[in-house]
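Written below as structure tokens is the structure these notes are about.
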Amino acid sequence: MTDGEERTLADEIIARARRHAREVVDGSDLAVDLESLEWTVSPRARRRAGRCRWRADREMATIVLARRAYERYDWSTFAGVVRHELVHAWEFQRFGESDHGDRFRERAAALEAPRYCEPFTEPRYVLRCLAVDCDWRATRHRASKPVRSPEQYRCGSCGDAYAVEHTDSGRTWKTASGYGGTKAALGDEW
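Residue numbers (the working numbering): 20 to 209.
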């Protein structure tokens, strides 16, 4: 930063994440090459608090952190996100791939990093099974195919049909035409 430049929230997030990453790497046996690690902040992310992308051609990992998660989580929760993504970076750097399998779980547990992050935004849509004896539900942040055309999909538990609810309005639909009608009726409130 030069004199007169203001530090942005993204700058703050990256600075804190980098400091925490150095502490984690220095205090553990997680051999992440921090020099081959890039950091960025997503102002739009709603579902994922963090993500680690791998560019094999450059042998470079990029950790993307969600601004909204930083704003909503306390620091200890957000630091857990950073540790989670560091485990992905370590796997990418060492093995060229990463997932949430046994190797990941073992390393994440050693670092007290969560396997999955808790939601930090409310979903726009809730899918609910229509069967009386089934309490399956799923949430979505985007109008994915199961949201737009629920008649083409089934409950993830019992296989029955489900309805979709637009959480802000409470309106529901069971078909693609119901989705279109709800979207048209809500207009700017969609």
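Cβ coordinates follow ideal geometry from the N, Cα and C atoms, glycine included.
- In this chain, the alpha helix (DSSP H) harbouring residue 90 covers 86 to 91.
- Distances from the alpha-carbon of residue 95 to those of 132, 205 and 200 put 132 closest.
- Checking the DSSP bridge columns, you'll see residue 205 has no partner listed.
- For the pair residue 105 and residue 151, the CB atoms are not nearer than the 9 Å cut-off.
- In the three-state scheme derived from DSSP, where H, G and I count as helix and E and B as strand, residue 197 is classed as helix.
- By a beta-carbon distance limit of 8 Å, residue 85 does not contact residue 47. Their separation comes to about 24 Å.
- Beta-bridge pairing by DSSP links residue 185 to 144.
- Along the segment 23 to 94, the alpha helix (DSSP H) occurs as fully enclosed runs of 4 or more residues at 28 to 45 and 86 to 91, listed in sequence order.
- The three-state secondary structure of residue 122, taken from DSSP, is helix.
- The criterion of a C-beta distance shorter than 9 Å is not satisfied by residue 194 and residue 145.
- Listed as beta-bridge partners of residue 113 by DSSP are no residues whatsoever.
- With a beta-carbon spacing of about 7 Å, residue 116 and residue 110 fall inside the 8 Å limit used to define contacts.
- If you ignore the 5 residues before and after residue 197, its C-beta comes within less than 7 Å of no other C-beta in its own chain.
- For residue 167, the enclosing alpha helix (DSSP H) covers residues 164 to 167.
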